[in-house]
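Everything on this sheet refers to the single structure shown next.
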Amino acid sequence: MSENEVLLEIENLSVKVENKKLLQDIDLIIRKGEVHIIFGPNGSGKSTLVNTIMGLPDYEVTSGDIKFKGKSILNMNLTKRARLGIGLAYQLPPIVEGVPLDAFLKSIKKNDKSLDEMASQAHLKDYLTREVNVGFSGGERKRSELLQLLAQSPQLVMFDEPDSGVDLDNINLIVEIMGKLLQKDKTIRNRENSGIIVTHSGVILKQLHVNEGYVMVDGRLVCSGPPLDIFDQIKSHGFDKCIREARKNKKSKLTPG
Ligand SMILES: Nc1ncnc2c1ncn2[C@@H]1O[C@H](COP(=O)(O)OP(=O)(O)OP(=O)(O)O)[C@@H](O)[C@H]1O
Ligand SMILES: [Mg+2]
Numbered sequence: 003m004s005e006n007e008v009l010l011e012i013e014n015l016s017v018k019v020e021n022k023k024l025l026q027d028i029d030l031i032i033r034k035g036e037v038h039i040i041f042g043p044n045g046s047g048k049s050t051l052v053n054t055i056m057g058l059p060d061y062e063v064t065s066g067d068i069k070f071k072g073k074s075i076l077n078m079n080l081t082k083r084a085r086l087g088i089g090l091a092y093q094l095p096p097i098v099e100g101v102p103l104d105a106f107l108k109s110i111k112k113n114d115k116s117l118d119e120m121a122s123q124a125h126l127k128d129y130l131t132r133e134v135n136v137g138f139s140g141g142e143r144k145r146s147e148l149l150q151l152l153a154q155s156p157q158l159v160m161f162d163e164p165d166s167g168v169d170l171d172n173i174n175l176i177v178e179i180m181g182k183l184l185q186k187d188k189t190i191r192n193r194e195n196s197g198i199i200v201t202h203s204g205v206i207l208k209q210l211h212v213n214e215g216y217v218m219v220d221g222r223l224v225c226s227g228p229p230l231d232i233f234d235q236i237k238s239h240g241f242d243k244c245i246r247e248a249r250k251n252k253k254s255k256l257t258p259g
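Each residue of the sequence shown is one higher than the one before, starting from 3 at the first, in this note's numbering.
Here it is in structure tokens:
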């Protein structure tokens, strides 16, 4: 692990939505330049975690803190967090009727690259005048999410299943853009940006260098370790070992000492 400055620090975070507990006692530290990956069964809380970090409404933090560059962001709304340098490619990218993609990109753009140049990278140059994601195919929406991140240039870049529903050719393109956003060409010491990737597949893992892996089970982050080992274990044995670890954590929390 690098000795770089801490970018994101999550301490003892618990979250509920409409009185339903979705995340429990999450601890996570990500230093500048690091990329962390989260696996886990459907409905275990992976999207809830990245949505909570991004500041989507409805997610109520009931304990703990989220610090970005040393300062709590809990009292900041989504727009403030985005301006601060936090970005998310959504698992289910929203459709924004009435807003052309180029106008939207201009409103969030934080670098000196041209829209054409960024849109070409995402193979979406002909889509700039269309309304955001309206009529886009599933794969096009995923690329549109990454194009928005290219424009926003966030320092903490979160990807929620960027590879789901994407064909093999486009996965290579998506991984290439993710590498750009995560400053893959720089050495880890010189990187300013960090990432959180949520995925069910090993495709990204094999092409991007990822520092740490976890499995989310029942709203808890368990089974942390080298990402490739974790992925191999899931491939061979499913989530069983991590489910047992999550249940053990839950028990020890209920009966302290
Ligand atoms: N706004 C909400 N209201 C009620 N329940 C919610 C809400 N948001 C999430 N949940 C529930 O929280 C649980 C965790 O959902 P989440 O989307 O975080 O899972 P996930 O790990 O991302 O799953 P997947 O792999 O299917 O994307 C699910 O049971 C989901 O139905
Ligand atoms: Mg999800």
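Here a beta-carbon is modelled for each residue, glycine too, at the ideal position from N, C-alpha and C.
Spatial neighbours of residue i within its chain, please: CB distance less than 8 Å, with the 5 preceding and 5 following residues excluded, ordered by chain position.
i      : result
Pro102 : Leu130, Thr131, Arg132, Glu133 and Val134
For residue i, does the three-state DSSP call read helix, strand or coil?
i      : result
Lys182 : helix
Tyr129 : helix
Thr201 : coil
His211 : coil
Phe106 : helix
Gly240 : coil
Phe161 : strand
Thr81  : helix
Gly259 : Note that Gly259 has pLDDT 42, beneath the 50 cutoff, so the model's placement of it is unreliable and the number below is only indicative. Residue state, collapsed to three classes: coil.
Gly100 : strand
Gly141 : helix
Glu13  : strand
Thr64  : strand
Asp234 : helix
Gln93  : coil
Leu117 : helix
Leu76  : coil
Asp29  : strand
Is the beta carbon of residue j closer than 7 Å to that of residue i?
i      : j      : result
Thr64  : Ser16  : yes
Arg33  : Asn6   : yes
Ala84  : Lys111 : no
Leu151 : Gly87  : no
Glu262 : Gly57  : The displayed coordinates of the chain run from 3 to 259. Any statement about residue 262 would go beyond what the structure contains.
Gly240 : Pro229 : no
Ile39  : Lys48  : no
Phe161 : Ile199 : yes
Ile173 : Val212 : no
Met180 : Gly42  : no
Gln209 : Asn195 : no
Gly141 : Val159 : no
Gly197 : Leu24  : no
Ser166 : Asn113 : no
Leu170 : Leu149 : no
Among the options, which has the Cα closest to the Cα of residue i?
i      : options                          : result
Phe106 : Glu147, Arg246 and Gln209        : Glu147
Arg145 : Asn77, Lys188 and Pro96          : Pro96
Met279 : Ala91, Glu99 and Ile55           : The shown model of the chain, from 3 to 259, leaves out residue 279, and the question about it has no answer.
Ser139 : Leu94, Asp29 and Ser254          : Leu94
Pro164 : Ser155, Leu207 and Lys188        : Leu207
Lys73  : Val8, Gly197 and Leu80           : Val8
Lys252 : Val224, Val98 and Asp234         : Val224
Leu175 : Met120, Gly137, Leu80 and Gln157 : Met120
Ala91  : Val19, Leu183, Asn192 and Ile236 : Leu183
Asp301 : Asp29, Asn21 and Ile75           : Lying outside 3 to 259, the shown extent of the chain, residue 301 is not represented and no answer is given.
Ser122 : Phe233, Ile236, Val19 and Glu178 : Glu178
Tell me which same chain residues have a C-beta within less than 6 Å of the C-beta of residue i, skipping the five on either side of it?
i     : result
Glu11 : Ile31 and Lys69
Taking its Cβ as the centre, do 16 or more other Cβ atoms sit within 10 Å of residue i, making it buried, or is it exposed?
i      : result
Gly45  : exposed
Glu62  : exposed
Thr201 : buried
Arg143 : buried
Ser116 : exposed
Arg246 : exposed
Val98  : exposed
Gly259 : Here Gly259 scores only 42 on pLDDT, less than 50, and its place in the model should not be relied on; the value that follows carries that caveat. By the 10 Å Cβ count, Gly259 comes out exposed.
Glu36  : buried
Whose C-beta lies closer than 7 Å to the C-beta of residue i among residues of the same chain, with five residues either side of it excluded?
i      : result
Arg193 : Lys34, Gly35 and Gln185
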